[in-house]
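What follows is a single structure, written as structure tokens, with notes after it.
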DNA sequence: GTGGTCTAGACCACC
DNA sequence: GTGGTCTAGACCACT
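Protein chains in written order, with this note's numbering: chain E, -14 to 105; chain H, -14 to 105; chain R, -14 to 105; chain A, -14 to 105.
Here it is as structure tokens:
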């Protein structure tokens, strides 16, 4: 598990994205216990407070639940997780479409360009 | 021409994007004179300092040239403009692909979703 | 008897409240024997340590008495129980009034709102 | 303006409550600019980070909007503010009713007790 | 040991 | 000057 962060994007945001990504991808399962704040902070090489914020944000999104003194757990509400997935997809897609349009490209041109790029 | 800005993205960046978009789209032509900083600032409803930075940044990118006492002009170097276009396209595409992967989606799913959305 | 706990409020507090509530309501009588710590912990689905603390706290409040080897009993001091009742009422009322004022509501508005709500 | 905080309740929460209270009460108006984070932190006698968190939370609730480099402003969305008011009222009332019931009081008894208490 | 709060101070991006 | 991010470290409440 490697952890390098992009500049110009908050670390805590990137961590949130990574975790939600793991969720969407199924690498983390509903009901599963996440590492403790301190543990995960060390693993990711960030300050404990930063990770604390990540967990708090996740809870605010209804993705995790914290049981005091026991740890942080992924919600078992599968419906909520499904919704999350769709929200992320919509945001990603709509932002992309908006940017394409703003910069004057066509979808066809972008599609053509992307074919053969990245880890396809 | 309407000007509302997204939160959490620098206004000056959005302005740069808009202008480069106009360029790519052909709404602004090589050699054309841009409005004065003050004029454009008023039109866009932003601080003159902000617009000043936009122009400075554009010049730094080799997109515009300043002729003292006359104003700011789009470069006539078509080669440069073409390069700009490709750079923007690459950035857009690569960011999109990176995000898709990070969040655990497939290209097919995103394509399917986007078909029928936006101002297609 | 159902036992689900609210988040952001200590479980042991909620248990204390529930027991004092039973007392005030008369569901538990002076002199009555309470279940053993372990028994009650299982019933409530909490850690034995947590329930231990509940009993300790109750004893500290003068509500229960421990007879070694026999178990925990509700005090027979009716005066004490009456006092407890009044304390709880005062705390509840004063907190409510404080919050109303802090948030800028009037008593009339709250009363009007509450009429017809809950298990009236 | 005095600022003393209750123990056993997060300072940042109490600050949020106070500000929303001011909003509900009309002491702060839609569109109004709030003091800067640092300014308000000094005034309230808390750390700037604590106040930062307060502002961030308020923005998350849709109550404020921040204009970068300019400051934090109360939303002009009156609908949103009205909704906020109703939410707070509902939460306050429902919590109160729940507690009354849990502790075995009747509404009549509580009403009788409260009459004549507080800054009526 | 777990999450949560608070402080102090540094540094950055934006206007 | 304004908000935002991050670190470091202390302390508390809960299980």
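Note that beta-carbon positions come from the ideal geometry of N, C-alpha and C, so glycine has one too. Computed from a prediction, not measured in an experiment: that's the story for all the values here.
Asked                                                                                                                                     : Found
Identified DSSP bridge partners for residue 56 of chain E                                                                                 : E/52
Within 7 angstroms, strictly: CB atoms of residue 38 of chain E and residue -3 of chain E                                                 : yes
C-beta atoms of residue 87 of chain H and residue 98 of chain E nearer than 7 angstroms                                                   : no
Contact with chain H by residue 106 of chain E, beta-carbon distance below 7 angstroms                                                    : This structure cannot speak to residue 106 of chain E, because chain E is shown only from -14 to 105.
Buried/exposed call for residue 75 of chain E, threshold 16 Cβ in 10 Å                                                                    : exposed
Chain R within 7 angstroms of residue 65 of chain A, Cβ atoms only                                                                        : no
When H/16, H/100, H/60, H/72 are compared against residue 82 of chain E, the one with the closest alpha-carbon                            : H/100
Nearest to residue 44 of chain E (by Cα), restricted to the options E/67, E/84, E/58                                                      : E/58
Below-7 angstroms beta-carbon distance, residue 84 of chain A vs any chain R residue                                                      : yes
Own chain partners of residue 12 of chain H with C-beta closer than 6 angstroms, once the 5 adjacent residues on each side are dropped    : none
Among E/50, E/32, E/42, E/-9, nearest to residue -7 of chain R - alpha-carbon criterion                                                   : E/50
Whether residue 89 of chain H touches residue 9 of chain E by CB criterion (7 angstroms)                                                  : yes
Contact under 7 angstroms by Cβ, residue 6 of chain H with residue 61 of chain H                                                          : no
Endpoints, the alpha helix (DSSP H) within which residue 34 of chain R is located                                                         : 33 to 45
Residues near residue 70 of chain A by beta carbon distance below 6 angstroms, same chain, minus five either side                         : 9
Cα-Cα separation between residue 30 of chain A and residue -12 of chain A, rounded to whole angstroms                                     : 8 angstroms
For residue 18 of chain E: DSSP bridge partner residues                                                                                   : E/58
Close-in-space but distant-in-sequence residues of the same chain around residue 34 of chain H (CB under 7 angstroms, 5 per side omitted) : none
Buried versus exposed call for residue 68 of chain E [16 or more other C-beta atoms within 10 Å across all chains shown]                  : exposed
For residue 91 of chain A, the three-state DSSP class (helix, strand or coil)                                                             : coil
Residues of the region 68 to 95 of chain R with Cβ closer than 8 angstroms to any Cβ of chain A, in chain order                           : 73, 74, 75, 77, 78, 79, 81, 82, 83, 84, 85, 86, 87, 88, 89, 90, 92, 94, 95
DSSP state of residue 77 of chain H mapped onto helix, strand, coil                                                                       : helix
Simplified DSSP state of residue 101 of chain A, which is helix, strand or coil                                                           : coil
Chain H within 7 angstroms of residue 9 of chain E, Cβ atoms only                                                                         : yes
DSSP state of residue 12 of chain A mapped onto helix, strand, coil                                                                       : coil
Distance between residue 92 of chain R and residue 92 of chain A (C-alpha atoms, nearest Å)                                               : 14 angstroms
Buried/exposed call for residue -9 of chain E, threshold 16 Cβ in 10 Å                                                                    : exposed
Partners in chain R for residue 99 of chain A, counting only beta-carbon separations shorter than 8 angstroms                             : 78, 81, 82, 92
Below-7 angstroms beta-carbon distance, residue -11 of chain R vs any chain A residue                                                     : no
Neighbourhood of residue 26 of chain R by C-beta, 6 angstroms cutoff - its chain only, sequence neighbours within 5 removed               : 33, 36
Any chain H beta carbon closer than 7 angstroms to residue 6 of chain E                                                                   : yes
Within chain A, the residues that residue 102 of chain R reaches when beta carbons sit closer than 9 angstroms                            : 75, 78, 79, 82
Contact list for residue 2 of chain R against chain A, beta-carbon separation under 9 angstroms                                           : 84, 87, 88
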